[in-house]
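Enquirer: Take this structure, written in structure tokens, and hold onto it; I'll ask about it next.
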Amino acid sequence: MTSFVVADVGNSRVKWARCDEQTVQDSASLPLDDASAYDRQFRAWNLPTQLAWTIAGVNPSGVRSLSNWLETRRAPSPHLINNSMIPVQSSVDHREQVGVDRLLNAVACNSRKEPGRPGILVDAGSAVTVDWVDEEGVFRGGAIFPGLRLMAQALHHYTAKLPQVNWQAVPPQFPGRNTDQAILGGIHASVVGGIERLQGRMCTSSVTQPHLWLTGGDAEALAHSLPQVWNLWPTMTLEGLRLTALRHM
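Every position in the sequence shown, counted from 1, becomes a number in our numbering once 4 is added.
Okay, here's the thing in structure tokens:
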């Protein structure tokens, strides 16, 4: 059975996955541009030097950094995935401008969704994307807004007195009895409320109940606050990349 590695390069982390033709076997989330972290993970997984790699990402400098690191390992040149190579139909104005992770999520969605049912795909990281895949499996676009970390940083950087808070310290108390709790409650409610609002608008375009999938670094922190049951899928983007990689090996 063919084994290979895929890597999704985001704005704050790089996610690796060991894969075969059937599944994502293991995954790891690593800091951007950190060769020592890459070395440690490479040793931990005892990866063969000649193993094939496929890389995609929304961070071009991060993709270059990982590719350069692989070159120091004398690994084969990685397969670099762009939007035109991703096996999903789309109906958007400029497919080439869509974040590659959003299209990969749609590929993963289509591998699991029931025929005739749409899907709502939420990827909660530095930015939050809420996307729609229709009943026929076509990516229709969606919405993008700041995630918990970006909101917390913006409040700190663009005000005189608001502190930097640990945005991962959830669930927040509400009403907040101090400034930190007030900020946490506000940014958390903003993200959850945005997801709920967009979900409601998307559902009006379909007579069939959509699948609800939630991924990204902040997915677990948000899941308990969403009123409906969302299916946590931490490796959704990596699964879409695995399926795409198999098309180009």
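Glycine is no exception: its CB is placed at the ideal position from the N, C-alpha and C atoms.
What separation, rounded to the nearest whole angstrom, lies between the Cα atoms of D24 and Q45?
Expert: Looking up residue 24 in the sequence shown gives position 20. Looking up residue 45 in the sequence shown gives position 41. Our two residues, D24 and Q45, have alpha carbons roughly 18 angstroms apart in a direct line.
Enquirer: Determine the burial state of M253: buried for a count of at least 16 other Cβ atoms within 10 Å of its Cβ, exposed for fewer.
Expert: For the purposes of this step, residue 253 is taken as residue 249 along the sequence shown, with counting starting at 1. Its Cβ having fewer than 16 others within 10 Å, M253 is exposed.
Enquirer: In terms of alpha-carbon separation, which member of N235, I191, V142, R121 lies closest to V111?
Expert: For this step, residue 111 is matched to residue 107 along the sequence shown. Checking every option, the nearest Cα to that of V111 belongs to V142.
Enquirer: With H160 as the anchor, note down where its alpha helix (DSSP H) starts and where it stops.
Expert: Start at 1 with the first residue of the sequence shown, and residue 160 comes out as number 156. 152-161 is the span of the alpha helix (DSSP H), which, as asked, contains H160.
Enquirer: If we call anything under 8 angstroms between Cβ atoms a contact, is G145 one with D138?
Expert: In the sequence shown, residue 145 corresponds to position 141, counting from 1. In the sequence shown, residue 138 corresponds to position 134, counting from 1. Taking 8 angstroms as the cut-off, the Cβ atoms of G145 and D138 do not count as close.
Enquirer: Where does the unbroken beta strand (DSSP E) through W217 begin, and where does it stop?
Expert: For the purposes of this step, residue 217 is taken as the residue at position 213 of the sequence shown. Residues 215-219.
Enquirer: Using the rule of at least 16 other Cβ atoms within 10 Å of the residue's Cβ for burial, across every protein chain shown, is A39 buried or exposed?
Expert: Here residue 39 corresponds to residue number 35 of the sequence shown, with the count starting at 1. A39 is exposed by the Cβ-count criterion.
Enquirer: Smallest Cα separation from V169: which of D184, F178, G204?
Expert: The residue given as residue 169 occupies position 165 in the sequence shown. When each option's Cα is compared against that of V169, the closest is D184.
Enquirer: Output needed for W237: all residues of its chain with C-beta closer than 6 angstroms, excluding positions within five of it in sequence on either side, in chain order.
Expert: For the purposes of this step, residue 237 is taken as residue 233 along the sequence shown, with counting starting at 1. So the list reads W217, T219, once near-sequence residues are dropped.
Enquirer: Is it right to say P214 is buried, meaning 16 or more other beta carbons lie within 10 angstroms of its own, or is it exposed?
Expert: As a position in the sequence shown, residue 214 is number 210, starting the count at 1. Looking at its Cβ environment, which holds 16 or more other Cβ atoms inside 10 Å, P214 is buried.
Enquirer: Closest to G197 by C-alpha separation, out of N235, R251, V132, would be which residue?
Expert: Stepping through the sequence shown from its first residue, residue 197 is reached at position 193. Nearest C-alpha to G197 among N235, R251, V132: V132.
Enquirer: Pairing CB atoms from the stretch 67-78 with CB atoms from the stretch 87-94, are three or more of them under 8 angstroms?
Expert: no
Enquirer: Among the residues of its own chain, which have a CB less than 6 angstroms from the CB of S83, if the five just before and after it don't count?
Expert: Numbered from its first residue, the sequence shown carries residue 83 at position 79. Note on residue identity: the sequence assigns His, not Ser, to residue 83. Closer than 6 angstroms at Cβ, skipping near neighbours: T58, H252.
Enquirer: For L36, tell me which candidate among G103, G14, C207 has the shortest Cα-Cα distance.
Expert: For the purposes of this step, residue 36 is identified with residue 32 of the sequence shown, where counting begins at 1. That would be G14, whose Cα lies nearest to the Cα of L36.
Enquirer: Would you report the Cα separation of L226 and L154, rounded to the nearest angstrom?
Expert: Translated into the one-based positions of the sequence shown, residue 226 becomes position 222. Translated into the one-based positions of the sequence shown, residue 154 becomes position 150. Rounded to whole angstroms, L226 to L154 spans 15 angstroms at the Cα level.
Enquirer: Assign P167 to buried or exposed, taking buried as 16 or more other Cβ atoms, counted over all protein chains shown, within 10 Å of its Cβ.
Expert: Position 163 of the sequence shown holds residue 167. Exposed.
Enquirer: Roughly how many angstroms separate the alpha carbons of R22 and N182, rounded to a whole number?
Expert: One-based indexing of the sequence shown puts residue 22 at position 18. One-based indexing of the sequence shown puts residue 182 at position 178. Take the alpha-carbon of R22 and the one of N182: they are about 44 angstroms apart.
Enquirer: Thinking just about the alpha-carbon of each residue, which of A158, Q203, G204 is nearest to the one in G190?
Expert: Against the sequence shown, residue 190 aligns to sequence position 186. Closest by alpha carbon: A158.
Enquirer: Check for me: the beta strand (DSSP E) holding Q29 runs from which residue to which?
Expert: Here residue 29 corresponds to residue number 25 of the sequence shown, with the count starting at 1. Looking at the DSSP string, the run of the beta strand (DSSP E) that includes Q29 is 28-35.
Enquirer: Give me, in chain order, the residues of the same chain whose beta-carbon lies closer than 7 angstroms to that of Q232; leave out the 5 immediate sequence neighbours on both sides.
Expert: Looking up residue 232 in the sequence shown gives position 228. Within the same chain, Q232 has close Cβ partners L216.
Enquirer: E200 to L230, Cα distance in whole Å?
Expert: Stepping through the sequence shown from its first residue, residue 200 is reached at position 196. Stepping through the sequence shown from its first residue, residue 230 is reached at position 226. In a straight line, the C-alpha of E200 is about 7 angstroms away from that of L230.
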